[in-house]
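According to my numbering, the residues represented by the sequence shown are 8 to 149, in order.
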Amino acid sequence: MAVHHALAAEVSGKRRVRSIARARRVIIPEGKQGMSENAIFREKLKTLEKLAELGGEDRVMDQTITKLLDYAAERHRKDLAEITAKLQACEEQFGMTSDLFSQKFHRGELEDNEEFFRWDTLAEMQRRIARRLAILLADATT
């Protein structure tokens, strides 16, 4: 359950970044060993962008990229549904909507307890995933 692991890392404040090279034993090209996963990913995207600018469209690459974007959208839908269910449980438990909770929590009107920090983290994760999904869905229509 990816959302659970991400939530646990954010709530505890320990944001650990695992190296793809260690986790999956992927060989990282020389000169890129010190780069973060995100930096390596961005480099790959830049390479694809340069290829696209040069033209010579490739049907297989286009289909592969489309499948990757579809996969990402589906994963985000599942994560969003899971987080929404957890938020609804918080809303029922404390008798207020997540929006009202966020307003009160950030104004300091609620006590600092672990459940409220968890709820706040879930609400932020929901907003972030919803933004990503909106981008993916907007791209799918073009």
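For every residue, glycine included, the Cβ atom is placed at its ideal position computed from N, Cα and C.
For residue i, the three-state DSSP class (helix, strand or coil)
i    : result
D119 : coil
M103 : coil
S109 : helix
M132 : helix
E98  : helix
Whether residue i touches residue j by CB criterion (8 Å)
i    : j    : result
L117 : F123 : yes
A88  : L143 : no
D146 : L76  : yes
L94  : S109 : no
Residue burial classification, residue i (beta-carbon count within 10 angstroms, cutoff 16)
i    : result
H113 : exposed
Q133 : buried
S43  : exposed
D69  : exposed
D119 : exposed
I72  : exposed
Whole-number beta carbon distance between residue j and residue i, since they are thought to touch under 8 Å
i    : j    : result
L55  : C97  : That belief does not hold up - the Cβ atoms of L55 and C97 are roughly 40 Å apart, past 8 Å.
R139 : H83  : 6 Å
I90  : I136 : 7 Å
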